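Notes to accompany the following structure.
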Amino acid sequence: MQICQCFIIMSYTIESIVEKTGARRLGNKPATIDWLLTDSRSLCFPEETLFFAIPTKRNNGARYIPDLYERGVRNFVVTSEDFKGLTMDSEQLKVTMAQECNFLIVPNTLKALQKLSEQHRGSFQIPVIGITGSNGKTIVKEWLHQLLSPDRVIVRSPRSYNSQIGVPLSVWQMNEESELGIFEAGISEMGEMRPLQNMIKPTIGILTNIGGAHQENFFSLQEKCMEKLSLFKDCDVVIYNGDNEMISNCVGKSMLTAREIAWSMKDIERPLYISRVEKREDHTVISYRYLEMDNTFCIPFIDDASIENSLNCLAACLYLMVPADQITERMARLEPVAMRLEVKDGKNNCILINDSYNSDLASLDIALDFLYRRSQSKGLKRTLILSDILETGQSTTTLYRKVAQLVHSRGIEKIIGVGAEISSCASKFDIEKYFFPDTKALLASDVIKKLKNEIILIKGSRNFSFDLVSEELELKVHETILEVNLGAMVANLNHYRSMLKPETKMVCMVKASAYGAGSYEIAKTLQEHHADYLAVAVADEGSDLRKAGITASIIIMDPELTAFKTMFDYKLEPEVYNFHLLDALIKAAEKEGITNFPIHVKLDTGMHRLGFEEKDIPQLIRRLKNQNAVIPRSVFSHFVGSDSPQFDAFTRQQIERYEHMSTELQEAFPHKILRHICNTAGIERFPGAQFDMVRLGIGLYGISPIDNSVINNVSTLKTTILQIRDVAEEDTVGYSRKGHLVRPSRIAAIPIGYADGLNRHLGCGHGYCLVNGKKAPYVGNICMDVCMIDVTDIDCREGDQAVIFGDELPITVLSDTLDTIPYEVLTGISTRVKRVYYQD
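Residue numbers for the sequence shown follow our numbering, beginning at 179 and rising by one.
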């Protein structure tokens, strides 16, 4: 997946980049490079950009070079094969590009990017913290930035950019003013850490933990741990949890020469001994001993993960000789890390993109790019609410000149600046603009009240408390929300893509409002990640996506005879499963003067639901050949039981029947007809039946249809506690007195009911939700809009969150309790439940 954006760098001449990469240069145009680019959609400043045409399993960046050339880019890193492909069909293009462009020819463009980053890193002799582990990398990185930035200029990975592409772009941000680097390194298989180590070259290593994430490509947790530890081979010090026996054993085997700060809550002999961890109502007090000195600090969090993350940060601060009193002061002010760009409905027909916890130039670029993509075809004014960007080490004039350039390049039409520094540079912004000395003044102004029909990015340094701005602008309709993790959905997409041949296409199912997740945001993200087809049930679903700006090919799985005009107008490709539908479609197309309208022919190979039978194929061929209104684009069928080994013999019969029928149809036509039969389970269990294309359904949303396991959870349904009351043992709770208590109880009411999609059969103790990580059974009947839960044994209060399903409470727990499938639970979430989208 190409996850990267444009990143600003120190200026380099094109000659020096040729020298650093060992590239062969074609073209002699003078050039100075300020920006690196790997994703054509994120182009900012074409004249100073160097584009790396990086191939992926599904795509190749070289495809976008002609478009980038038209948009002003003149410097490209390509392979010789890509360059030949570019100029093969156009001699004029070859001449023009040779005169105006620089092409740097390399054997491998990704390795060239990494080599360039490695050479760049070698120019700096500063401390660099390298962070790896299964979880917590981004939080540790951001907390270290909060703890250390008052004293030094820090360069760090934007968000969780820790991949083979993300790391070089992150390291490339280092400049003469950088005093400390903090970079994440993430891997998913053996051999990936070595190039990351070469680029980061950490002097301080932090291993957060080892868990099951990305475990499928490792033989064991120990193997994964050893691979991650290879990041630290040249470190001066390594920080880790000394109480984790497996990690300690792996560190011992890794032959690292670094000093170890293995913190421990058990072993007083460890260099950093944690003598006390005391959780209180809303904070945790931690006492520790380091170098024979005892100290205490507190953090405003009580969960175990935050405690562990803070201890890794503590060890790094101590090694960097931050005074204990400063550590105590700053730990108490740690802010939660927003690792997401949240999309929310705002007041007055506004859309909010909330990124209100941190602000720097690189993350501003990412957020502006996200806003720009989400604003296309919506007809909303693009507005940026931006605070002072603090602790950059750059002069105010230089910093906000760059900000103004970014704002202009992303088509921002209105800026609302907050803070003395950005206000002093108001003249640099040649758009509608308003400036305020602080957040309080902004909230008191008419400007915030008059925002209307706008898509608004809220981007602020944590000192400015922009969460108050987000809260003021947010449309508060219902306190129950469905959070949709777009990053997890993309991870699921790539999980199944990894099982396919490179040439195999993919249809992604977004019917039923994308299995309840919300069709537009899902479709938009899938389109950005190059899904070959989207599929919906009916034409209205498809036309809604078109109106919202979705341009990808869309299949209509259940076309209605009354919807032909809609399909023609919006270029929606229908499934055709019998002669009645086919004839009606041909007649309608001919009446409209339409020719070669693509259709998808469905065959019945054993489902016996819809589709042409084997005996129909000769007549189907004749009917299709005797007209030119429609043309078969694909031919497909449905598996009956590809998820279960007990049906494997029948599944193989289906494959044989389908191969015979589809071959007969293909041989009757000269053009390529795509063939597909595999659903999500089929992708995994019958790789030999990939044919030309596969269809990904429930797996896209994180559920394996084979064993109901969760791959990457996409949807989290949550709500808040409205009221808590004490109820006596002899009383009952809810309608018809169904909630029988057996002890004095604390009963909480939460604003979710069967009208929201919470099944009534979960009531009366059959199901539970999670409150502060603990099980809270449903008490009595579930009502239309509200239900009651037992929180007697849970430390909670009104306003606390209740999770109906999500990461810690898989949706399969609900579906198993209800004796149904996850599809039914997901698609049953009411449209009145607000969807909130975020991207890790």
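All C-beta atoms in this analysis are idealised placements derived from N, C-alpha and C, irrespective of residue type, glycine included. Treat the numbers as computed from the prediction; the structure is a model and nothing was measured.
Taking the beta strand (DSSP E) that residue i belongs to, which residues open and close that run?
i, result
"His298", "It is not in any beta strand (DSSP E) - His298 instead sits in the alpha helix (DSSP H) that spans 287-299."
"Thr474", "471-477"
"Asp566", "No beta strand (DSSP E) holds Asp566; DSSP gives it neither H nor E."
"Phe983", "979-983"
"Ser1015", "A quick correction: the sequence has Tyr, not Ser, at residue 1015. Element bounds for Tyr1015: 1012-1016."
"Glu362", "358-362"
"Leu739", "No beta strand (DSSP E) contains Leu739, which DSSP labels as neither H nor E."
"Ile332", "332-334"
"Ser923", "923-928"
"Arg202", "202-204"
"Asn663", "659-663"
"Ile734", "732-734"
Any idea which residues DSSP pairs residue i with across the strands?
i, result
"Glu507", "DSSP, once it has assigned bridges, lists no residue as partnering Glu507."
"Asn532", "Glu520, Ile636"
"Cys686", "Leu712, Leu874"
"Arg233", "Reading off the sequence shown, one finds Pro at residue 233, where the question assumed Arg. Answer by DSSP bridge pairing, in chain order: Asn238."
"Val306", "Gly359"
"Phe254", "Phe229, Phe281"
"Val416", "Gly383, Glu438"
"Arg853", "Val813"
"Thr897", "Ala980"
"Gly917", "Val911"
"Thr561", "Lys592, Ile634"
Taking the continuous alpha helix (DSSP H) assigned at residue i, which residues delimit it?
i, result
"Pro208", "Neither: Pro208 is in no alpha helix (DSSP H) and is coded neither H nor E."
"Cys279", "No alpha helix (DSSP H) contains Cys279, which DSSP labels as neither H nor E."
"Thr381", "Neither: Thr381 is in no alpha helix (DSSP H) and is coded neither H nor E."
"Trp350", "Here Trp350 belongs to no alpha helix (DSSP H), and DSSP marks it neither H nor E."
"Gly430", "423-431"
"Asn857", "Element bounds for Asn857: n/a, residue is neither H nor E."
"Gln901", "First-last for Gln901: 901-905, but that is the beta strand (DSSP E), not the alpha helix (DSSP H)."
"Asn891", "No alpha helix (DSSP H) holds Asn891; DSSP gives it neither H nor E."
"Cys403", "399-407"
"Asn340", "Element bounds for Asn340: n/a, residue is neither H nor E."
"Arg552", "539-553"
"Leu991", "The sequence given here has Val at residue 991, not Leu. That run of the alpha helix (DSSP H) goes 989-995."
"Ile317", "315-326"
"Ala717", "717-725"
"Val647", "645-651"
"Val196", "192-199"
"Thr1005", "1000-1005"
"Leu246", "243-248"
"Ser697", "697-706"
Got a sec: does the ligand NAP put a non-hydrogen atom nearer than 8 Å to the Cβ of residue i?
i, result
"Pro244", "Ligands are entirely absent from the displayed structure, and the ligand NAP is therefore not among its contents."
Give me the Cβ distance between residue i and residue j, rounded to the nearest whole Å; I'm assuming they're in contact under 8 Å.
i, j, result
"Leu651", "Gly819", "Not confirmed; about 50 Å, so no contact."
"Val888", "Gly880", "6 Å"
"Ser565", "Val596", "5 Å"
"Thr435", "Ile309", "That pair is no contact at about 20 Å."
"Leu409", "Ala363", "5 Å"
"Gly935", "Val1011", "7 Å"
"Ala715", "Met735", "5 Å"
"Glu520", "Lys896", "That belief does not hold up - the Cβ atoms of Glu520 and Lys896 are roughly 13 Å apart, past 8 Å."
Next on the checklist: Pairs of beta-carbons, one from the stretch 783-796 and one from the stretch 835-845, closer than 8 Å: are there three or more?
Outcome noted: Yes: at least three Cβ pairs fall under 8 Å.
Checklist entry - Hey, which unbroken runs of the alpha helix (DSSP H) at 4 residues or more fall wholly within the stretch 579-623? => result Qualifying alpha helix (DSSP H) stretches, in chain order: 598-602, 617-622.
Item to check | 4-residue-minimum alpha helix (DSSP H) runs that sit fully inside the stretch 435-497, ordered along the chain | outcome: Counting only runs of 4 or more, we get 482-497.
Item to check | Length at least 3, wholly inside the stretch 938-981: the beta strand (DSSP E) runs in chain order | outcome: Whole beta strand (DSSP E) segments, 3+ residues: 946-949, 952-957, 965-968.
Next on the checklist: Whether or not the stretch 344-351 and the stretch 285-304 are in contact is what I'm after, with contact meaning three or more pairs of Cβ atoms, one per stretch, closer than 8 Å; do they touch?
Outcome noted: These segments touch.
Item to check | Cβ pair count under 8 Å reaching 3, the stretch 706-724 against the stretch 738-751 | outcome: Judged by Cβ distances under 8 Å, the stretch 706-724 makes contact with the stretch 738-751, as three or more pairs qualify.
Checklist entry - Mind pulling the alpha helix (DSSP H) runs of 4 or more residues that sit fully within the stretch 753-835? => result As far as the stretch 753-835 is concerned, its whole alpha helix (DSSP H) runs of at least 4 residues are 757-770, 795-803.
Next on the checklist: Taking contact to mean 3 or more Cβ pairs, one atom from each stretch, closer than 8 Å, check whether the stretch 478-490 and the stretch 453-467 are in contact.
Outcome noted: With the rule of 3 Cβ pairs closer than 8 Å, the stretch 478-490 counts as touching the stretch 453-467.
Next on the checklist: Any contact between the stretch 918-931 and the stretch 688-700? By contact I mean 3 or more CB pairs, one from each, below 8 Å.
Outcome noted: In short, these stretches do not touch, since the Cβ pair count stays below three.
Checklist entry - Are the stretch 470-478 and the stretch 932-946 in contact at 8 Å, needing three or more beta carbon pairs? => result Taking 8 Å as the limit for Cβ pairs, the verdict is that the stretch 932-946 does not touch the stretch 470-478.
Checklist entry - Quick one: any contact between the stretch 206-220 and the stretch 365-384, if contact means 3 or more CB pairs under 8 Å? => result Using a C-beta cut-off of 8 Å, the stretch 206-220 makes no contact with the stretch 365-384, since fewer than three inter-stretch Cβ pairs fall below that distance.
Next on the checklist: Quick test of the definition: if touching needs 3 or more C-beta pairs under 8 Å, does the stretch 676-683 touch the stretch 854-871?
Outcome noted: Contact between the stretch 676-683 and the stretch 854-871 is present, because at least three Cβ pairs lie under 8 Å.
Item to check | Touch test, the stretch 843-854 against the stretch 960-977, Cβ-Cβ under 8 Å, three pairs minimum | outcome: No, because fewer than three Cβ pairs between the stretch 843-854 and the stretch 960-977 fall closer than 8 Å, the two stretches do not touch.
Item to check | the stretch 630-638 contacting the stretch 852-864, beta-carbon criterion three pairs below 8 Å | outcome: Touching, no, given that fewer than three Cβ pairs across the two stretches are closer than 8 Å.
Next on the checklist: Would the stretch 222-237 count as touching the stretch 252-266 if we require 3 or more Cβ pairs under 8 Å?
Outcome noted: With a cut-off of 8 Å, the stretch 252-266 and the stretch 222-237 count as touching, because enough Cβ pairs lie within range.
Checklist entry - Would the stretch 329-343 and the stretch 434-452 be scored as touching if the rule is three or more Cβ pairs under 8 Å? => result When C-beta atoms of the stretch 329-343 are compared with those of the stretch 434-452, fewer than three pairs fall below 8 Å, so the two segments do not count as touching.
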